[in-house]
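Below is one structure; the comments refer to it alone.
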């Protein structure tokens with residue numbers, strides 16, 4: 001090897017050709033690997049963005065500034081009061097007999113912020129609990145007791161099957177039937193949707209975590225768990241006639257009326273798995289699994305979501321305190337990923353001034369402007 | 370070309386930091402672009418991305434301090450002026466991005482209202498208000514700055530290999546090895 005810089009001669013230029021090639025190849029390989037990881041080279045790969053696109057398509061339109069799913073709801077505030085029973089199961093601070101304040105949200109399923117409250121089969125409760133040790137726990141729970149499908153791909157197919165046909169404005173029944181045939185596990189969910197009694201209020205609805213989490217106590221013992229928020233407000237059935245007659249904002253009005261009379265309470269009931277119980281949220285655990293009540297969710301007030309504290313919160317169910325961990329539940333990871341994209345999009349809508357209705361700056365629907 | 374031994378090579382700390390951070394930054398770029406797309410790996414990748422980003426921020430502080438105390442070897446006198454200028458500009462850009470990326474990420478997570486979780490329940494304080502406009506601006510900036518950083522990293526790598534394999538002028542060896550092995554380690 002020469003001790004000096006190579007003199008620029010035709011010979012040295014020829015010698016440099018393999019080196020140039022190697023450099024170009026190395027840089028190109030890195031750039032291609034990066035593009036592959038990003039999903040740019042595989043248009044068929046299901047990414048968080050593409051899943052969110054499918055949800056937006058199924059919604060019929062993009063409702064700027066609103067959550068891409070469960071778009072309609074109200075903010076609530078209150079506290080969780082632990083009863084001490086959870087301390088043996090998880091080191092999360094809020095299971096101690098203390099009050100942990102939360103900013104929450106009660107909502108209905110569906111992508112339209114103008115959905116009819118009394119016609120929504122799915123209702124949900126989300127909480128962001130800030131415990132006094134500086135840690136946070138976010139929960140996003142639903143009124144269905146188990147998930148309709150067992151995989152992220154099937155969830156995506158379900159979303160696509162529910163996309164309205166441009167000709168009719170309604171989902172294509174043939175496509176929905178084809179989806180149901182391809183995913184027999186969905187029959188259980190369809191049965192729940194068709195036959196489970198409807199309650200008259202968010203206040204008497206049970207909200208289920210559905211996904212599986214791990215509780216870890218101070219000794220390091222790990223247990224798979226699922227939980228439900230079970231209302232202390234007695235169940236009352238809402239008949240189809242009542243649902244047809246109800247106001248568009250029936251649930252929000254009902255909630256405000258109930259809160260004017262007093263706080264609303266749900267018990268947090270945790271079900272403990274036995275070894276071998278599935279983590280997949282489409283599969284229920286046997287009825288005989290032990291259940292423990294660990295505390296009470298107390299809702300004290302509600303406010304409109306456009307101006308309420310819950311608006312700019314992503315209720316990512318994987319924001320967890322120490323003592324609570326994610327399980328290998330595939331739906332849980334996908335929810336976290338899609339919620340993140342949905343949050344990014346609606347915050348961008350708000351930042352770019354395209355979300356007058358979502359921020360309370362328009363009295364009318366955006367589509368009417 | 371006869372540069373004095375002590376000034377032809379970066380000191381041990383600089384080399385250690387350079388190669389550690391080279392791996393960390395490449396990992397961060399791939400983890401970052403992967404976690405925003407993946408429906409299954411996001412939780413694991415996010416919990417790696419946040420503390421690794423803060424680690425890079427801490428390391429770049431040490432690195433800049435070391436660089437100011439121990440200036441890097443001069444580029445070969447015979448290197449064309451335009452290449453010297455490009456080297457200088459790209460190094461300034463790399464340092465700027467190494468500082469800015471973690472800070473923008475930290476501020477962005479703060480502005481999104483998320484806890485800035487590190488590990489074992491330990492979180493950093495928020496450094497930006499929880500606000501949709503601040504979040505949206507920082508979130509967009511984080512993406513574009515990451516792409517810029519990746520581009521500059523690739524350019525830096527190409528230039529390093531150009532010095533190692535084509536110019537063979539000892540510039541690569543200055544970062545690849547200590548002064549004791551001067552010149553014997555750049556053979557391709």
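Chains as they are written, first to last, in this note's numbering: chain A, 1 to 369; chain B, 370 to 557. By construction, the Cβ of each residue, glycine as well, lies at the ideal position given by its N, Cα and C atoms.
Straight-line Cα distance separating residue j from residue i
i                     : j                     : result
residue 435 (chain B) : residue 453 (chain B) : 22 Å
residue 441 (chain B) : residue 225 (chain A) : 56 Å
residue 124 (chain A) : residue 138 (chain A) : 13 Å
residue 122 (chain A) : residue 197 (chain A) : 12 Å
residue 231 (chain A) : residue 78 (chain A)  : 15 Å
residue 416 (chain B) : residue 25 (chain A)  : 32 Å
residue 157 (chain A) : residue 69 (chain A)  : 16 Å
residue 457 (chain B) : residue 476 (chain B) : 28 Å
residue 559 (chain B) : residue 250 (chain A) : Any question about residue 559 (chain B) goes unanswered here, given that chain B covers just 370 to 557.
residue 535 (chain B) : residue 57 (chain A)  : 53 Å
residue 161 (chain A) : residue 195 (chain A) : 21 Å
residue 76 (chain A)  : residue 313 (chain A) : 12 Å
residue 71 (chain A)  : residue 31 (chain A)  : 38 Å
residue 129 (chain A) : residue 28 (chain A)  : 47 Å
residue 204 (chain A) : residue 185 (chain A) : 28 Å
residue 546 (chain B) : residue 389 (chain B) : 14 Å
residue 284 (chain A) : residue 144 (chain A) : 12 Å
Where residue i falls: helix, strand or coil (DSSP)
i                     : result
residue 137 (chain A) : strand
residue 266 (chain A) : strand
residue 437 (chain B) : helix
residue 79 (chain A)  : strand
residue 313 (chain A) : coil
residue 304 (chain A) : strand
residue 36 (chain A)  : helix
residue 42 (chain A)  : coil
residue 370 (chain A) : Summary: the structure shown does not reach residue 370 (chain A), with chain A confined to residues 1 through 369, and so no result is reported for it.
residue 66 (chain A)  : coil
residue 213 (chain A) : strand
residue 547 (chain B) : coil
residue 208 (chain A) : strand
residue 101 (chain A) : strand
residue 342 (chain A) : helix
residue 536 (chain B) : helix
residue 284 (chain A) : coil
Short CB-CB distance (under 8 Å) between residue i and chain A
i                     : result
residue 411 (chain B) : yes
residue 419 (chain B) : no
residue 519 (chain B) : yes
residue 534 (chain B) : yes
residue 398 (chain B) : yes
residue 407 (chain B) : yes
residue 515 (chain B) : no
residue 482 (chain B) : yes
residue 449 (chain B) : no
residue 459 (chain B) : no
residue 548 (chain B) : no
residue 543 (chain B) : no
residue 403 (chain B) : yes
residue 523 (chain B) : yes
CB contact below 8 Å: residue i versus chain B
i                     : result
residue 157 (chain A) : no
residue 61 (chain A)  : no
residue 94 (chain A)  : no
residue 26 (chain A)  : yes
residue 319 (chain A) : yes
residue 300 (chain A) : no
residue 183 (chain A) : no
residue 90 (chain A)  : no
residue 344 (chain A) : yes
residue 48 (chain A)  : yes
residue 76 (chain A)  : no
residue 22 (chain A)  : yes
residue 347 (chain A) : yes
Any chain D beta carbon closer than 8 Å to residue i
i                    : result
residue 51 (chain A) : Among the chains of the structure shown, chain D does not appear; the protein chains present are A and B.
Contact the stretch 85 to 93 of chain A vs the stretch 211 to 222 of chain A: 3+ CB pairs below 8 Å: yes
Cβ contact check for the stretch 407 to 423 of chain B and the stretch 333 to 351 of chain A: 3 or more pairs under 8 Å: yes
Contained alpha helix (DSSP H) runs [length at least 4] in the stretch 373 to 420 of chain B, N- to C-terminal order: 374 to 377 and 381 to 404
The stretch 143 to 161 of chain A touching the stretch 496 to 509 of chain B, judged by at least three CB pairs closer than 8 Å: no
The stretch 299 to 311 of chain A touching the stretch 26 to 38 of chain A, judged by at least three CB pairs closer than 8 Å: no
Stretch pair the stretch 486 to 504 of chain B + the stretch 346 to 362 of chain A: three plus CB contacts closer than 8 Å: yes
Alpha helix (DSSP H) runs contained entirely in the stretch 461 to 533 of chain B, provided each spans 4 or more residues: 501 to 530
Meets three-Cβ-pair contact criterion under 8 Å: the stretch 13 to 28 of chain A and the stretch 376 to 385 of chain B: no
Cβ contact (3+ pairs, closer than 8 Å) linking the stretch 419 to 428 of chain B and the stretch 464 to 479 of chain B: yes
Cβ contact check for the stretch 286 to 306 of chain A and the stretch 248 to 267 of chain A: 3 or more pairs under 8 Å: yes
Inside the stretch 237 to 264 of chain A only - alpha helix (DSSP H) runs reaching at least 4 residues: 240 to 245 and 250 to 261
Touch test, the stretch 390 to 409 of chain B against the stretch 510 to 523 of chain B, Cβ-Cβ under 8 Å, three pairs minimum: yes
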